[in-house]
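Input: a single structure, listed below in structure tokens.
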Amino acid sequence: TSLSTHEDMRTAFMAEMKAENIKQFLYNFTRLPHLAGTEENMHLAQQIQAEWKKFGLDSVQLVHYDVLLSYPDDTKPNYISIIDEHGNKV
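Note that my numbering has the sequence shown beginning at 281, numbered continuously upward.
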């Protein structure tokens with residue numbers, strides 16, 4: 281029945297909810313830069329897609345869409361400074 285299928289899925293999901301699994305997922309997710317719209321970001325999306333398929337989800341699709349993004353300019357990096365009441369950098 282669909283109820284037992286849902287229970288089986290819930291049990292499998294809860295079995296994966298271990299600190300070590302979460303730690304490993306976060307490590308894999310954050311170990312390399314993955315700025316939105318880059319090849320690295322696409323690679324990460326494909327890894328997540330493969331993992332979700334391995335978990336048994338029926339359909340896992342990557343959907344392409346265009347967004348307007350501003351990317352960092354390596355020739356003019358941003359910086360932050362603290363200015364005192366006299367206009368001097370602290």
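Just so you know, even glycine gets a beta-carbon here, dropped at the ideal spot from N, CA and C.
Cutoff 7 Å; reference residue i; Cβ partners in own chain excluding five residues on either side
i	result
residue 320	312, 313, 314
Element boundaries [alpha helix (DSSP H), containing residue i]
i	result
residue 309	299 to 310
residue 334	319 to 334
Alpha-carbon spacing of residue i relative to residue j, whole angstroms
i	j	result
residue 334	residue 300	18 Å
heavy atom of the ligand ADP below 7 Å from residue i C-beta
i	result
residue 364	The ligand ADP is not part of this structure, which contains no ligands at all.
Same chain, Cβ closer than 8 Å to residue i, neighbours up to 5 away in sequence not counted
i	result
residue 308	327
request  = Pair every Cβ in the stretch 316 to 332 with every Cβ in the stretch 340 to 351, then say whether three or more of these pairs are closer than 8 Å.
outcome  = yes
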